[in-house]
Amino acid sequence: MIWNWFKRRHSAPVARERLQILLAHERSTLGRSNLVAVLQDEILSVISRHVFIDPDSVQVKMDRGATISTLEIEIEIPNMVAPPLAVTY
Amino acid sequence: MANVVVVTSGKGGVGKTTTTAALGAALAQAGQTVAVVDFDVGLRNLDLVLGAERRVVFDLINVVQGAAKLQQALIRDKRIETLWLLPASQTRDKDALTDEGVARVIDELRQRFDWVLCDSPAGIERGAQLAMRHADQAVIVTNPEVSSVRDSDRIIGLLDAKTVRAERGERIAKHVLVTRFDPARASRGEMLGIADIVEILSLPLLGIIPESQEVLRASNLGTPVVLSNPASAPALAYTEAARRLEGEDLDIVIPAEKRGLFTKLFGRRAA
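The listed protein sequences derive, respectively, from chains X and U.
With the first letter of the first sequence counted as 1, position 8 gets the number 8 in the UniProt record's numbering; the numbers rise by one all the way through.
With the first letter of the second sequence counted as 1, position 220 gets the number 220 in the UniProt record's numbering; the numbers rise by one all the way through.
Put into structure tokens, the structure is as follows:
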């Protein structure tokens, strides 16, 4: 409960993170160079040469610190199951 | 030779017009000759914020189209004699502005004034692009709020692509001015902090204008806040921002919240 109260009060870090991710993407699509977005595209293209993955399943995050920066890459790969011959929904 | 500054933001309602009026008045008070130009054709408001709404005869479009001379359209402020306003048209639309016409008017203003401050319309379309086209410097007005920061980022991209300086491969000096900042909420983690905004936009900070009732009072009165209450927090912040625009190196102090016993005990602002 206390944790919920804490989360409710501290919405600024959420705003900050959402903006960083969104702007990294928008800057790349609007022609401004951005490392995170370039990395995301290239990682996606390398992986998808070997495995079928969803474009949204690659998450690249960069945090800039005072002395070091960290690069966090998370890739979701679906479990390999043979595709059914006919798909019905 | 004048400095042409565009006051822009992308998003509407963040304080471009208030900022143009306040920075213009502060620069003029410091002895500079200043023209503030309203580019918001069809929705002019700089005249109202400056208290000159009943003195508009000719406007920017009349001058751009050659129907009036620049000196016929310029309105001299009644309080500061080095401050002049070139109002926008209220009846025409932005398509009446031509690229060549705007270039000619800005050129003429450059020769007569130390500073030309262009109040941009909201958006990223033609009107906003014409306002920034000839700028040497840009003041990007940003509220500590996600949609405002995102739109500022778009505008920064446009400034680097669509201005005459950018096309010539020259630098356009860009500064962020954070308005409507509430230090108490930021310190409680409820509002984006100054460091967050500066880091996300990676631009130098021109100033921080605290959220204040004085800003609305100033616009009610038709007097820039630096004149309506010169000792108020937003007036001091605008005056310092104007000095930084002139190239002075002043430390920026993040406004601290003034807390009385009541708010200390109950953790909320009485307002």
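Glycine included, every Cβ here is placed at the ideal spot set by N, Cα and C.
Subject >> DSSP-derived helix/strand/coil call for Val36 of chain X >> reply: helix
**OP:** Tell whether a beta-carbon distance below 7 Å holds between Ala135 of chain U and Thr163 of chain U.
**Re:** yes
**OP:** Would you mind giving the Cβ-Cβ distance between Val116 of chain U and Val4 of chain U, rounded to the nearest angstrom? I have them listed as a contact below 8 Å.
**Re:** Right, the Cβ-Cβ distance comes to about 5 Å (below 8 Å), so this counts as a contact.
Subject >> Residue interval of the alpha helix (DSSP H) (run including Glu190 of chain U) >> reply: From DSSP, Glu190 of chain U is part of no alpha helix (DSSP H); its letter is neither H nor E.
Original post:
What does Glu190 of chain U reach in chain X if we use C-beta pairs closer than 8 Å?
Top reply: Arg9, His10, Ser11, Ala12
Original post:
What does Leu71 of chain X touch in chain U if you count any residue whose Cβ is under 8 Å from its own?
Top reply: Those within 8 Å of Leu71 of chain X in chain U number zero; the least Cβ separation is about 17 Å.
Original post:
For Gln59 of chain X, which residues in chain U fall below 9 Å Cβ to Cβ?
Top reply: Under a criterion of Cβ atoms nearer than 9 Å, no residue of chain U is adjacent to Gln59 of chain X; the nearest Cβ is some 19 Å distant.
Original post:
At least one CB of chain X closer than 7 Å to the CB of Val146 of chain U: is that the case?
Top reply: yes
**OP:** Please report how far the alpha carbon of Val38 of chain X lies from the alpha carbon of Ala24 of chain X, in whole angstroms.
**Re:** 9 Å
Subject >> Span of the alpha helix (DSSP H), counted from its first residue to its last, around Ile156 of chain U >> reply: Unbroken alpha helix (DSSP H) run through Ile156 of chain U: 146 to 162.
**OP:** Check each candidate in U:Phe39, U:Arg126, U:Val146 and name the one with the smallest Cα separation from Leu22 of chain X.
**Re:** U:Val146
Original post:
Can you tell me whether DSSP reads Ala271 of chain U as helix, strand or coil?
Top reply: Any answer about Ala271 of chain U is weak, because its pLDDT of 41 lies below 50 and its placement is not dependable; what the coordinates show is given next. The answer is coil: DSSP assigns Ala271 of chain U none of H, G, I, E or B.
Original post:
CA-CA distance, Arg110 of chain U and Thr239 of chain U?
Top reply: 23 Å
Original post:
Of all the residues that make up the segment 9 to 27 of chain U, which are near chain X by a beta-carbon distance shorter than 7 Å?
Top reply: none
Original post:
Does the beta carbon of Asp251 of chain U come closer than 7 Å to any beta carbon on chain X?
Top reply: Judged by the 7 Å Cβ criterion, Asp251 of chain U is not in contact with chain X.
**OP:** Pick helix, strand or coil for Thr17 of chain U, following the three-state DSSP scheme.
**Re:** helix
Subject >> Residue-chain proximity (Ser33 of chain X, chain U), Cβ-Cβ < 7 Å >> reply: Only weak support exists for where Ser33 of chain X lies, its pLDDT of 44 falling under 50; the value from the coordinates is given anyway. So, not an interface residue.
Original post:
Buried or exposed: Gly51 of chain U, going by 16 or more other Cβ atoms within 10 Å of its Cβ?
Top reply: buried
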